[in-house]
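Only one structure is covered here, and it is reproduced in the block below.
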Amino acid sequence: MKKAILVGFASTLFLLPGCSKKNEFQPPPPPEVTVQNPTQKDVTTYKSFTGRLAASDSADIRARVKGFLKSIDFTDGQRVEKGDLLFTIEDEEYKSTEASAEARVEQTKAKLKLAESTLERTKKAFETKAVSELDVLSAEAELDAAKASMLEAEAALQKARLNLSYTEISAPFAGRIGESGFSVGNLVGDGGATLLTTIIVEAPINAYFNVDERSLLPYLSRGVRENKPGTKLPSVKLQLADGKIHPEEGVVNYIDPEVDQGTGTLTARATFSNEGIKLFPGLFAKVLLPNEVNGAILVPEQAIQRDLTGTYVLTVDAGNTVEPKYITVGERVETTRIVAGGLSTEDRIIVKGIQRARPGIKVRIAEPESEKK
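Residues 0 to 372 in numbering that gives the first Met the number 0 are what the sequence shown lists, from first letter to last.
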């Protein structure tokens with residue numbers, strides 16, 4: 000009995016391999032990728048140039064006459080209006096000089112009047128031969144000397160009044176005043192025009208930047224330096240050190256007349272209105288010069304790859320086979336990049352699943368998001 004059971008078990012073992020199915024290799028399904036066509040539209044690109052902000056106007060405030068400071072009529076760093084009083088110099092000496100000059104003018108007026116009367120009487124006496132011709136000539140000379148003295152006295156009075164006016168120093172224009180390094184009672188104007196402080200104009204404000212020849216040539220070819228209607232440089236933007244774009248646009252209103260031979264650049268100036276005084280002289284910033292590109296072909300930045308040969312994108316042909324296409328790229332526009340050559344709007348570019356796609360393999364095109372239910 001036991002022998003029969005063993006024989007049956009062995010037979011079963013012998014038959015088992017013949018009952019199983021043969022193993023067959025099942026190739027994996029093609030990887031799924033998302034594709035899209037390049038877009039074509041008019042875009043604006045910006046080329047950046049490092050610049051520095053500077054006051055649109057500034058002036059040194061100096062003491063033009065010698066004297067002791069009587070008052071300082073501002074707070075360091077405050078904004079002032081045109082004509083605001085800034086400094087007062089003791090004026091007693093200059094008032095005295097003015098009074099003396101006025102008296103001198105009155106004296107010369109009296110002498111001039113006397114000389115005129117003397118000449119008139121002398122001429123009448125000469126008609127009756129009461130005086131000689133020499134007496135007439137002498138009277139005329141006295142009149143000429145009196146006139147000269149009158150001119151000299153009036154000039155001295157004008158100078159005295161001018162010096163007196165210099166004892167009150169006012170703001171030549173509206174702006175922000177700097178720090179004064181003097182105190183009331185200090186002697187100023189001794190031996191020269193003492194620098195008292197400075198004043199600058201913050202609004203508008205200028206941005207100076209250097210433009211290389213290659214970047215400027217397209218604009219020069221359109222005659223932007225001829226001041227003809229429609230040929231000026233476009234409005235520019237300003238990017239601050241924190242990366243933020245200043246909300247105001249600037250106007251390029253000056254370009255150097257010649258290229259710097261050492262750097263190959265031209266210095267240009269853009270002016271911003273600076274309302275609310277958000278910009279300050281001395282700050283570094285990037286001036287963004289726009290360029291209009293008509294009919295630019297754009298591809299997503301994440302679709303662009305690079306190798307030792309160059310820059311390329313992976314495309315899918317009509318047979319759903321991956322094919323690399325090498326391209327010439329241009330400026331970046333937000334999340335896309337301008338393609339200057341090597342691609343058409345009919346190409347299907349892989350934008351998702353790039354890591355699973357390899358040149359020469361078949362892929363499966365994912366259903367567009369807009370068509371999914």
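Backbone N, C-alpha and C define an ideal beta-carbon position, used for all residues, glycine too.
| Check | Outcome |
| --- | --- |
| Val104 lies in the alpha helix (DSSP H); which residues open and close that run? | Glu91 to Glu126 |
| Enumerate in chain order the residues of its own chain whose CB-to-CB distance from Asn273 is below 8 Å, with the five nearest sequence positions on each side excluded. | Glu201, Ala202, Pro203, Ile204 and Glu247 |
| Among all the DSSP beta bridges, which residues are the ones paired with Phe283? | Arg51 |
| I need the boundaries of the alpha helix (DSSP H) containing Lys146, first residue and last residue. | Glu132 to Ser164 |
| Please report the straight-line C-alpha distance between Leu167 and Gly190, rounded to a whole angstrom. | Note on identity: in this sequence residue 167 is Glu, with Leu being the wrong assignment. One C-alpha to the other measures close to 19 Å. |
| Go through its chain and collect everything with a Cβ distance to Glu153's Cβ below 7 Å, but skip five positions before and after it. | Val104 |
| What's the C-alpha gap between Gly281 and Ile60? | 20 Å |
| Identify which residue in Asn36, Pro217, Lys108 and Phe283 has its Cα closest to the Cα of Thr49. | Phe283 |
| Considering only C-alpha positions, which residue in the set Ser234, Thr264 and Ala54 is nearest to Phe208? | Thr264 |
| Please name the residue or residues paired with Val315 in a DSSP beta bridge. | Val321 |
| Going by Cα to Cα distance, which pick from Lys108, Thr44 and Gly174 is closest to Met149? | Lys108 |
| Where DSSP assigns a beta bridge to Ser57, which residues make up the other side? | Ile199 |
| What is the DSSP secondary structure of Pro26, reduced to helix, strand or coil? | coil |
| Assign Ser179 to one of two classes, buried (16 or more other C-beta atoms within 10 Å of its C-beta) or exposed (fewer than that). | buried |
| Helix, strand or coil: how does DSSP classify Ile353 here? | helix |
| Under a Cβ-count criterion, where at least 16 other Cβ atoms within 10 Å of its own Cβ denotes burial, should Lys236 be classed as buried or exposed? | buried |
| Do you know whose CA, among Asp306, Phe86 and Asp259, lies nearest Val183's CA? | Phe86 |
| Given a cut-off of 8 Å on the beta-carbon distance, is the pair Ala206 and Phe271 in contact? | yes |
| Considering only their Cβ atoms, is the gap separating Phe73 from Val64 smaller than 8 Å? | no |
| Between His245, Ala269, Asp346 and Ala129, which lies nearest to Tyr253 when the distance is taken from Cα to Cα? | Ala269 |
| Tell me which residue opens and which closes the beta strand (DSSP E) that Ala427 is part of. | Since the displayed the chain opens at 0 and closes at 372, residue 427 lies outside it and no answer follows. |
| If you reduce the DSSP assignment to three classes, tell me which class Glu31 lands in. | strand |
| Rounded to a whole number of angstroms, what is the C-alpha to C-alpha distance between Pro375 and Gln301? | This structure cannot speak to residue 375, because the chain is shown only from 0 to 372. |
| Hey, is Asp189's beta-carbon within less than 8 Å of any beta-carbon in chain B? | Any reference to chain B falls outside this structure, which holds one protein chain only. |
| Output the distance between the C-alpha atoms of Arg51 and Thr262, rounded to the nearest integer angstrom. | 17 Å |
| Please state the DSSP three-state secondary structure of Ile360. | coil |
| Which class does Gln260 belong to by DSSP, given the choice of helix, strand or coil? | coil |
| List the residues that DSSP assigns as beta-bridge partners of Asn36. | Looking at the DSSP assignment, Asn36 forms no beta bridge with any residue, so it has no partner. |
| Could you check if Arg336 is buried or exposed, using at least 16 other CB atoms within 10 Å of its CB as the buried criterion? | buried |
| Taking the CB atoms as reference points, tell me whether Pro358 and Val321 lie closer together than 8 Å. | yes |
| Compute the distance between the beta-carbons of Lys324 and Gly341, then report whether it is under 8 Å. | yes |
| Please report the distance separating the alpha-carbon of Asn185 from that of Pro256. | 46 Å |
| Can you tell me which of the three DSSP states Ala170 falls into? | coil |
| How many Å lie between Glu345 and Gln25 at the Cα? | 34 Å |
| Using the Cβ count rule (16 or more neighbours within 10 Å means buried), how would you classify Arg175? | buried |
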